[in-house]
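Some notes on the structure that comes next.
In this note's numbering, the protein residues as written are 145 to 821.
Structure (structure tokens):
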């Protein structure tokens, strides 16, 4: 690093002349700052000079200042001086301080405010270096604790960093020694902060974090971060101890101990069950704060059997504590018919940013269990719908042909006839035989459906094992996600299990993959009617893309065959073939694009009853209630919310986790159940 001369005059008239000539009219630039020496040894003295473009010394009010690493010996002394300006000689005021070097290190002398005739003038920052021992170049680095935001409350988690600062180069510590912290839980973490750089007085200074900790006070009083020693090669530095006041947390949060900014929500897989079936209840606290130490509110299940209970957390260290969520998942079973009730205590936390206590309302969820649950339509009561058989699943299966590159081999017959007719010139019966053989070779479309899973799921359903039947068909759907028949059976099974949202979603998937099959549309209509969904976006009435793909391939083949057979003798026929094939191909291509776009634009389905919000904010007021299972169009996405449009063309914001749709980033596989849904 290039350094200025170790010793230079305390005052340089040439610099002042340039300063006053160039920037005389600018108030903030009418101050010159200089130091007599930039590189010192302990015990040596340095003069700090501030020159103000003003004529009367009596108007200058200079403060008594102190700088880190230095001890003030003299000053401030204020005196008038003469300077060279454009018009000749002029007058200025000089403020002089004398300091003695005390502690080795590299220091930034901050700006000094001078009050001149009621106007504030500011000096510039300067960098000085104090060498250790007798070596001016042996400038040790400095260390410090980052100041924790105070005052704190008991249970509040904050990040503090032990860092090297004002380093001219990167410094890699070889040893770090920190005493024990009393009255707090301390965890060393990674991923917070990074190396910071700034340029001052022509020198690039680095701030380098050595260690970052999350600190959670456990008692009121004073939290002290002890002094820490850092060694890097022959140089050492000590970070002074830092103390911060800790007050007792408000008594309202004694049940949770939560401090931070949080959102509490409770979801139920289904509020309508078949007797003997289970449903999953999940309560989740998400946000930023002491997530690793808070207590979730109690949940009570009146009359329901608790089958499984587990608590999981996803915690990421951030400057304000832990970011992520803590959730409790409970699986309950209804053994008998009747109404049940799940109650959740209110979640209370202290928000240090607002310095107030926040309370989420208590939750009460009604569960209804019945011996059977069957689909019904208007005019018929309890009319059941059976699952599709193996043969019916195969019959409604539609391969998406244009997405399979191998199926573009259907163009081979036309190309082969064109080439052979032009080069080989065989007789017509041979050409016709060649066409038939080419189609036979390229028309190999094996249906790769997971028949073993499908057969097992059908047997389990016949044996009355609903849960395992759902499990098998879900696995089958993973292997063949575009099977309309598998989605059809999942829709029926989900509805019997009381999972309205997933039932509607699976039925719409069945319609999407087989829009020409009346069974799928009838099933969707019956499920939505039985669930009371009267204002939901209907599925589009479009043809399957395969129709336009086959038409496009047929038109191209016909054109190639016409050119191959009649290209030389009947040019008028070839021209007509070009026109017809061009029109048919253009229409087929347009139809293929439109139907593919419709097939890929699946609507979103609400997982639970929800009140749409006016803005994408959890704290925003709701204005329109939408029932579970309703289909909406996804318009856009912002943060953790999506903007949706209802069947009545009304728009509002919904949390991402509350909707099922193909593009939902909140769920890896939205078609299938998991513990997170």
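Glycine included, each C-beta is placed from N, C-alpha and C at the ideal position.
Judged by DSSP secondary structure, residue 478 falls outside any beta strand (DSSP E); it is assigned neither H nor E.
Under the three-state reduction of DSSP, residue 603 is assigned to helix. Contact between residue 179 and residue 204 is absent: CB atoms are separated by about 19 Å, not below the 8 Å threshold. Proximity to residue 305 across 417, 788, 333 and 279 peaks at 333, based on C-alpha coordinates. The DSSP-derived three-state label of residue 772 is coil. Boundaries of the beta strand (DSSP E) around residue 329: 328-333. Judged by DSSP in its simplified three-state form, residue 178 adopts strand.
The C-alpha of residue 748 lies about 45 Å from the C-alpha of residue 361. Rounded to the nearest whole angstrom, the C-alpha separation of residue 751 and residue 772 is 6 Å.
Note that the C-beta distance between residue 369 and residue 289 is below 9 Å. Here residue 193 is near residue 240, since their CB atoms are less than 9 Å apart. With contacts defined by Cβ atoms closer than 9 Å, residue 358 and residue 331 form a contacting pair.
If you check the CB distance, residue 391 and residue 292 do not come in under 9 Å. Closest in alpha carbon position to residue 395, among 436, 421, 298 and 365, is 298.
When the alpha-carbon of residue 789 is set against those of 336, 780 and 776, the nearest one is in 776. The C-alpha of residue 316 is placed about 13 Å away from the C-alpha of residue 287. Just measuring C-alpha positions, the residue of 323, 383, 541 and 454 sitting nearest residue 657 is 541. Excluding residues up to 5 positions away in sequence, 595, 598, 599 and 602 lie with their Cβ nearer than 8 Å to the Cβ of residue 534 in the same chain.
Collapsing the DSSP output to three states places residue 391 in a strand. Only exposed fits residue 207, as fewer than 16 other CB atoms lie within 10 angstroms of its CB. For residue 265, the uninterrupted beta strand (DSSP E) run begins and ends at 263-266, by DSSP.
Our two residues, residue 635 and residue 673, have alpha carbons roughly 14 Å apart in a direct line. Our two residues, residue 455 and residue 470, have alpha carbons roughly 7 Å apart in a direct line. Collapsing the DSSP output to three states places residue 617 in a helix. With fewer than 16 other CB atoms across the displayed protein chains lying within 10 angstroms of its CB, residue 723 is exposed. Put simply, of 373, 346 and 530 the residue whose alpha carbon is nearest the alpha carbon of residue 321 is 373. Straight-line spacing of the CA atoms in residue 386 and residue 508 works out to 47 Å.
For residue 440 against residue 429, the beta-carbon gap comes to about 6 Å, under 8 Å, which counts as contact. Relative to the Cα of residue 464, the nearest Cα in the group 432, 487 and 495 belongs to 432. For residue 650, the closest alpha carbon among the candidates 794, 633 and 659 is that of 633. Under the DSSP assignment, residue 636 falls in the alpha helix (DSSP H) whose first and last residues are 628-640. Residue 646 is not a Cβ neighbour of residue 655, given a cutoff of 9 Å.
For residue 274, no alpha helix (DSSP H) encloses it; the enclosing beta strand (DSSP E) starts and ends at 270-275. Under the three-state reduction of DSSP, residue 446 is assigned to strand. The Cβ atoms of residue 303 and residue 462 lie closer than 9 Å to each other. In this structure residue 275 is in contact with residue 283, their Cβ atoms being roughly 6 Å apart against a cut-off of 8 Å.
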